[in-house]
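Asks: One structure is given below, represented as structure tokens, and several questions about it will come after.
There are 2 protein chains.
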Amino acid sequence: MKSRIRQDAIIRMLRRNGTSTIQALAEEVGTSRRTILRDLSSLRDEGYVIHSDVGRGGGLQLDPQSIRTTISLSVPEVFALLISVAAMRAAGNLPFSELADTGLAKIEKSLPADRVKDLRALLERLHIGQLSPLQNLSDMGKIDRGLLPTFETAFLQREFIRFAYRDAKGQRTQREVEPQAMLILPPLWYLVGWDPEREGFRHFRMDRISNSETVAGTRFRRRHVPFEEDVCPYSEVLKRTG
Amino acid sequence: MKSRIRQDAIIRMLRRNGTSTIQALAEEVGTSRRTILRDLSSLRDEGYVIHSDVGRGGGLQLDPQSIRTTISLSVPEVFALLISVAAMRAAGNLPFSELADTGLAKIEKSLPADRVKDLRALLERLHIGQLSPLQNLSDMGKIDRGLLPTFETAFLQREFIRFAYRDAKGQRTQREVEPQAMLILPPLWYLVGWDPEREGFRHFRMDRISNSETVAGTRFRRRHVPFEEDVCPYSEVLKRTG
DNA sequence: ACAAAAGGTGACGGTTTTTGGCACCGTTCT
DNA sequence: AGAACGGTGCCAAAAACCGTCACCTTTTGT
């Protein structure tokens, strides 16, 4: 794993100096000419574009566009990034959505296959409404940091989610529902769940949820959540947010 | 690099089985108990949280929250993600912005130090206006894919940017300006540049820019772009978008 | 109380991978 | 022609890696 450090050093120097020779790199890094050549080869394999002028007075040049960076992310972080970009795309025109998309495609590609399937299932349950000018922008409170991971694991493992809810009138209740989808009507975010007691879909504003946790040992099936305007189970939400 | 494969296999089995012993892992992977222990150690170093119950009937358990994934991104992709999240945060309340932020912080951390300085400078020049209900949402056309990388390199290397522009009346002109900032008034995006000929700031709607390129050999200094409402050089933009 | 089953550490020698040195090739500039 | 470049193949030395063994602590079953 020491080669990684050396290769980073090479990239740094090429970036700094603009152009350089193998000799110079070898001396600065403190290794042999041969090793530098090997490192250049693997860097090129990894996608770095390094031009080389052969012959006297020649040297190496790194194409700055080809610089890549590797990041290590946790799954909630990946999910947060995914929904950020997804929401952004749906909300307004996002000029660079293509680029963001290729970034996201790479994220997907790097995940284990089963994980991708999971995320796909999750994103399918992410419903994003049109940005409406009628909304009160300052109406959204802070959302509990733990809600996203909880929703994610609950949804994927098909376990019920339990939380404390404070409704519009300020009344507090304890809920235990099947997490079915997330509804985004910027800037308001809702958790959509099936309430087995009331035998119906219910929506919960995320900033009014607290103490969320999955309920171990439970198991539900994912329901078809109708999202057409007519049968939208939270059309009242749409009205209320006006 | 063989150890990477082995460690991935270990993670996979821990994810699948929920709980497992070192013995079982060693047999399944086809290696020795000692090597598994070494791998566990380096996995823990990398940030995986693996609980271990010592004593008879004990075993290993992987904290699913700690699963990480590594991605390799190009700089334009990173920048696209950054501005996506930044714009999203500013446009509406983004519930999971904290998580997205830690993701972005990691992206920053993984970049070379000078690169971070560059990106900071860029993001400082990213001005995001409040979402206004007066805007015509369907008014934004597609933005040329190459514009972002061009703006990025031009801004960072302080080179002029040259492009073809089609103004509101449909008239086409060729421009050559100092790229100074980006202005986002969702869903409209503007490039703000100092035009040396006209000796003043000019704004250009990004979807009206085409054939953008940096002008080699030129060099400008970054100017202070006043963004206070009163002195805003594109207050007329704000009016016109109404 | 004792043995078995579990995680964890340290040391040593063999095996595999990485690295350095060398000879050599093609190209370009002086 | 010769020097200064990048690039390739080969082999021995160096370093990293891996398996074995011996041993320790904790927990649980009998």
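Top to bottom, those sequences are chains A and B.
Under this note's numbering, the letters of the first sequence match residues 1 to 242, in that order.
Under this note's numbering, the letters of the second sequence match residues 1001 to 1242, in that order.
The beta carbon of each residue, even a glycine, is placed where N, CA and C say it ideally should be.
None of these values were measured; they are calculated from a predicted model.
1) DSSP state of Ser1132/B, grouped into three classes?
2) Does the beta carbon of Thr19/A come closer than 8 angstroms to any beta carbon on chain B?
3) What do you get for Ser1132/B, buried or exposed, if any count of 16 or more other CB atoms within 10 angstroms of its CB means buried?
4) Using CA coordinates, which residue listed in Asn17/A, Ile50/A, Arg222/A and Arg175/A is at the minimum distance from Ile209/A?
5) Quick one, are the C-beta atoms of Gln180/A and Arg221/A less than 8 angstroms apart?
6) Going by Cα to Cα distance, which pick from Ser1020/B, Thr1218/B, Leu1122/B and Gly1146/B is closest to Gly1058/B?
7) Which residues, in order along the region 1035-1053 of chain B, keep a beta-carbon less than 8 angstroms from a beta-carbon of chain A?
8) May I ask which residues mark the beginning and end of the beta strand (DSSP E) holding Asp1207/B?
9) Taking C-beta to C-beta, are Thr214/A and Glu159/A nearer than 8 angstroms?
10) For Pro149/A, count neighbouring C-beta atoms within 10 Å of its own C-beta (all shown protein chains included) and say buried if the count is 16 or more, exposed if not.
11) Name the DSSP beta bridge partners of Ala164/A, please?
12) Shortest alpha-carbon distance to Leu191/A belongs to which of Ala216/A, Ser212/A, Lys2/A and Tyr48/A?
13) Terminal residues of the continuous alpha helix (DSSP H) containing Thr31/A?
14) Mind checking Ile5/A: buried by the 16 CB within 10 Å criterion, or exposed?
15) Within 8 angstroms of any Cβ in chain A, is that where the Cβ of Leu1243/B sits?
16) What is the DSSP secondary structure of Arg1158/B, reduced to helix, strand or coil?
17) Report yes or no: is there a C-beta of chain B within less than 8 angstroms of the C-beta of Gln7/A?
18) On a CA-only basis, which of Tyr165/A, Ala154/A and Leu147/A is nearest Asp118/A? Give me that one, please.
19) Under the rule that 16 or more other beta-carbon atoms within 10 Å means buried, what is Glu124/A, buried or exposed?
20) In or out: Arg1205/B buried (at least 16 other Cβ within 10 Å) or exposed?
21) Considering just the uninterrupted stretch of the alpha helix (DSSP H) at Gln65/A, what are its terminal residues?
22) Against chain B, does Leu81/A count as a neighbour if the rule is that its beta carbon must be under 8 angstroms from one of theirs?
23) Listing by chain order, which chain A residues have their CB less than 7 angstroms from the CB of Pro1179/B?
24) With a threshold of 8 angstroms on Cβ separation, who are the neighbours of Gln157/A within its own chain once the five nearest residues in sequence on each side are excluded?
25) Is the distance from the Cβ of Leu43/A to the Cβ of Ile10/A below 8 angstroms?
26) By how many angstroms is the C-alpha of Ile22/A removed from the C-alpha of Glu28/A?
27) Cα-Cα, which of Ile143/A, Thr69/A and Ser74/A is closest to Glu1046/B?
28) Can you check whether the C-beta of Ser72/A is within less than 8 angstroms of a C-beta belonging to chain B?
29) Name the chain A residues that come within less than 9 angstroms of Thr1153/B, Cβ to Cβ?
30) Kindly list, in the order they appear in chain A, the residues whose Cβ is closer than 7 angstroms to that of Arg1068/B.
31) Measure the C-alpha to C-alpha separation of Asn17/A and Leu60/A and round it to an integer number of angstroms.
Replies: Once the coordinates are examined:
1) Translated into positions along the second sequence, residue 1132/B becomes position 132. Bear in mind that the predicted position of Ser1132/B carries a pLDDT of just 46, short of 50, making it unreliable; the figure below should be weighed with that in mind. The answer is coil: DSSP assigns Ser1132/B none of H, G, I, E or B.
2) Taking the first residue of the first sequence as position 1, residue 19/A is located at position 19. No - not a single Cβ of chain B is within 8 angstroms of the one on Thr19/A.
3) As a first step, residue 1132/B must be located in the second sequence, where it is residue number 132. Its pLDDT being 46, under 50, Ser1132/B is placed unreliably in this model, and the value from its coordinates should be taken loosely. Counting Cβ neighbours within 10 Å, Ser1132/B comes out exposed, since fewer than 16 surround it.
4) Translated into the one-based positions of the first sequence, residue 209/A becomes position 209. With distances taken between Cα atoms, Ile209/A lies closest to Arg175/A.
5) For this step, residue 180/A is matched to residue 180 along the first sequence. For this step, residue 221/A is matched to residue 221 along the first sequence. No, the pair does not count as a contact, with Cβ atoms beyond the cut-off.
6) Taking the first residue of the second sequence as position 1, residue 1058/B is located at position 58. Closest by alpha carbon: Ser1020/B.
7) Glu1046 and Gly1047
8) Counting from one through the second sequence, the residue named residue 1207/B turns up at place 207. Per DSSP, Asp1207/B belongs to no beta strand (DSSP E) and is neither H nor E.
9) What you label residue 214/A is simply residue 214 of the first sequence in a count that begins at 1. What you label residue 159/A is simply residue 159 of the first sequence in a count that begins at 1. Against a cut-off of 8 angstroms, the Cβ pair of Glu159/A and Thr214/A comes out as a contact.
10) Within the first sequence, residue 149/A is the residue found at index 149, counting from 1. That one is buried.
11) The residue labelled residue 164/A in the question sits at position 164 within the first sequence. According to DSSP, which records beta bridges pairwise, Ala164/A is partnered with Gln174/A and Ser210/A.
12) Numbered from its first residue, the first sequence carries residue 191/A at position 191. Checked all of Ala216/A, Ser212/A, Lys2/A and Tyr48/A; the closest Cα to Leu191/A is Ser212/A.
13) If you number the first sequence from 1, residue 31/A lands on position 31. Unbroken run through Thr31/A: none, as it is neither H nor E.
14) Within the first sequence, numbered from 1, the residue matching residue 5/A stands at position 5. It counts as exposed.
15) In the structure as shown, chain B begins at 1001 and stops at 1242. Residue 1243/B is therefore absent and cannot be evaluated.
16) As a working mapping, residue 1158/B is identified with position 158 in the second sequence. Residue state, collapsed to three classes: coil.
17) Position 7 of the first sequence, counting from 1, holds the residue named residue 7/A. With 8 angstroms as the cut-off, Gln7/A does not count as an interface residue toward chain B.
18) Counted from its first residue, the first sequence places residue 118/A at position 118. Looking at the Cα atoms, Ala154/A is the closest of the given residues.
19) Looking up residue 124/A in the first sequence gives position 124. Burial call: exposed.
20) Within the second sequence, the letter at position 205 stands for residue 1205/B. Looking at its Cβ environment, which holds 16 or more other Cβ atoms inside 10 Å, Arg1205/B is buried.
21) Sequence index remark: in the first sequence, residue 65/A carries index 65 (1-based). Here Gln65/A belongs to no alpha helix (DSSP H), and DSSP marks it neither H nor E.
22) In the first sequence, residue 81/A corresponds to position 81, counting from 1. So yes, Leu81/A belongs to the interface.
23) As a first step, residue 1179/B must be located in the second sequence, where it is residue number 179. Near Pro1179/B there are no residues of chain A at all, since even the closest Cβ is about 15 angstroms away, more than 7 angstroms.
24) Taking the first residue of the first sequence as position 1, residue 157/A is located at position 157. Taken in chain order, the residues that qualify are Thr214.
25) Walking along the first sequence from the start, residue 43/A turns up at place 43. Walking along the first sequence from the start, residue 10/A turns up at place 10. A contact, by the Cβ cut-off of 8 angstroms.
26) Position 28 of the first sequence, counted from the first residue, corresponds to residue 28/A. Position 22 of the first sequence, counted from the first residue, corresponds to residue 22/A. Those two C-alpha atoms are separated by around 10 angstroms.
27) The count along the second sequence starts at 1 and reaches residue 1046/B at position 46. Of Ile143/A, Thr69/A and Ser74/A, the residue nearest in Cα terms is Ser74/A.
28) The residue given as residue 72/A occupies position 72 in the first sequence. So yes, Ser72/A belongs to the interface.
29) Locating residue 1153/B in the second sequence gives position 153, counting from the first residue. Going along chain A in sequence order, the residues near Thr1153/B (Cβ under 9 angstroms) are Pro64 and Gln65.
30) As a first step, residue 1068/B must be located in the second sequence, where it is residue number 68. By Cβ distance, chain A contributes Ser72, Leu73 and Ser74.
31) Here residue 17/A corresponds to residue number 17 of the first sequence, with the count starting at 1. Here residue 60/A corresponds to residue number 60 of the first sequence, with the count starting at 1. Asn17/A and Leu60/A: Cα-Cα distance of roughly 10 angstroms.
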